[in-house]
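Below: one structure, written as structure tokens.
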Amino acid sequence: KFKTFNKHANAYGVKGCFMPIAKKNQEVQHNQVFTTESAMFDPNAKSITINVLCSDDEHPKTKDDGWRIAELKLHITEEDKKVMNVKIITEFHFYDTQLKVFAYRSHSAHLKQEIELNYAAIAKMDEWAV
């Protein structure tokens, strides 16, 4: 269902994967930062959407195992299109009452885009999802 062929990378991939940053019941330290890296495969893309998902499952596998609590959109520039193998870096910063998510391209780390999520609001979304 999620297997796709990417003609630009000449390889198969899996869309809609759920990549847990912090698992259910995992203790996360104040000021802890988790970082992920992914690749931009479509050189004609105008933007990349990074979905921030939440799940009650201990081992979520696909986006269907959770719900979206936020999205971050990175706009692709002409400079990005000139760079081979663009890497997208996403950082998750955990604080007392907030989660901040930053996303940027590896070749332009100074152009970070950010969203802030309040834990109380995330808990309220969790109630609505059930």
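The numbering of the sequence shown is our numbering, which starts it at 9 and goes up by one. From the three backbone atoms N, C-alpha and C, an ideal C-beta is built for every residue, glycine too.
Just verifying my parser: in three-state terms, what is the DSSP assignment at residue i?
i    : result
E87  : helix
H101 : strand
K11  : strand
K71  : helix
A129 : helix
Near residue i, what residues of its chain come up, given a Cβ to Cβ distance below 8 Å and the 5 sequence neighbours on each side ignored?
i    : result
K54  : H83 and I84
L119 : Y112 and R113
V41  : E99, F100, H101 and F102
Going by DSSP, what residue range makes up the beta strand (DSSP E) through residue i?
i    : result
S55  : S55 to C62
I29  : Neither: I29 is in no beta strand (DSSP E) and is coded neither H nor E.
L119 : That residue, L119, is in no beta strand (DSSP E); it is neither H nor E in DSSP.
G46  : Per the sequence shown, the amino acid found at residue 46 is Ser instead of Gly. Here the beta strand (DSSP E) through S46 covers V41 to A47.
Q34  : Premise fails: Q34 is in no beta strand (DSSP E) and is neither H nor E.
V109 : Q106 to R113
V22  : A19 to V22
Grab me the residues of residue i's own chain with a C-beta within less than 6 Å of its C-beta, minus the 5 sequence neighbours each way, in chain order.
i    : result
D64  : none
P68  : F26 and G74
T57  : E79 and K81
A129 : none
V36  : A30 and F102
Considering only residues of the same chain and omitting the five flanking positions on each side of residue i, which have a CB-CB separation below 7 Å?
i    : result
E151 : The structure shown has nothing for residue 151, since the chain only spans 9 to 138.
F13  : Y20
Practice task
Would you be able to state if there are at least three C-beta pairs under 8 Å between the segment 30 to 37 and the segment 83 to 97?
Solution key: no
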